[in-house]
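Input: a single structure, listed below in structure tokens.
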Amino acid sequence: MTRGRSFILGSLTLIWCMNMLATPAAAAEFESYTNPNSVNCLAADGDYVWAGTAGGLVRISRRNLSYRVFRTTDGLPCNFIKSLWRADEGTLWIGTIGAGLVRFDGRYFWWAARPKVLGSNWV
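Numbering (the working numbering), first residue to last: 49 to 171.
Written as structure tokens, this is what we have:
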């Protein structure tokens, strides 16, 4: 065997041995709030981080990481949230797939079924 091949073989053997002796990293555990593959958008304000997903609107507390999921059963016209924007006065504007633009004031969801100012109900 040539000197170069011996060096490569020795290096690969060393890397393999080190890999076998390495301590595996602890696996991170995450709780799934909705479908973990479909977070479409995020918005933040002072106390909360909002996540728009295919399964609804998720409000996550920055203090203790507690969360609440808002869905059609809570007043949203559609569970598929595509975009979010937090206005300075505190209103959360929510873009949906198929139900247009929604305004959330912290208590109620408001929307127009077919808003004339939007070119499409996909916002």
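For glycine and all other residues, C-beta sits at the position ideal for the given N, C-alpha and C.
Using CA atoms only, rank isn't needed, just tell me which of the options is closest to residue i.
i, options, result
"aspartate 122", "Phe157, Asp93, Ile108", "Phe157"
"leucine 124", "Ile145, Ala92, Asp95, Val165", "Ile145"
"phenylalanine 128", "Val150, Gly100, Gly154, Leu90", "Gly100"
"valine 87", "Leu132, Arg111, Leu113, Thr120", "Leu132"
"aspartate 153", "Leu166, Gly167, Glu137", "Glu137"
Please work out which residues of its chain come closer than 6 Å, Cβ to Cβ, to residue i, disregarding the five sequence neighbours upstream and downstream, and give them in chain order.
i, result
"phenylalanine 118", "Gly104, Leu105, Leu124"
"isoleucine 108", "Val97, Tyr115"
"tryptophan 170", "Ile145"
"threonine 120", "Asn127"
According to the Cβ coordinates, are residue i and residue j closer than 8 Å?
i, j, result
"arginine 155", "aspartate 93", "no"
"leucine 149", "alanine 91", "no"
Taking 7 Å as the limit between beta carbons, can you name the residues of its chain near residue i, skipping five residues before and five after?
i, result
"arginine 110", "Asp95, Tyr96, Val97"
"cysteine 65", "Per-residue confidence for cysteine 65 stands at a pLDDT of 45, beneath the threshold of 50, marking its modelled position as unreliable; the derived number appears in the next sentence. Around cysteine 65: no qualifying Cβ."
"alanine 147", "Pro125, Cys126, Trp159, Asn169"
Spatial neighbours of residue i within its chain, please: C-beta separation below 8 Å, excluding the five flanking residues on both sides.
i, result
"lysine 130", "Asn88, Cys89, Gly100, Gly143, Thr144, Ile145, Trp170, Val171"
"arginine 151", "Thr139, Leu140, Trp141, Ile142, Phe157, Trp158, Trp159"
"glycine 167", "none"
"asparagine 112", "none"
For residue i, would you say it is in contact with chain C, using Cβ-to-Cβ distances shorter than 8 Å as the test?
i, result
"alanine 99", "Among the chains of the structure shown, chain C does not appear; only one protein chain is present."
Enumerated in chain order, which unbroken segments of the beta strand (DSSP E) with a length of 3 residues or greater are wholly contained in the segment 78-157?
87-92, 96-101, 104-109, 115-118, 129-134, 140-144, 149-152
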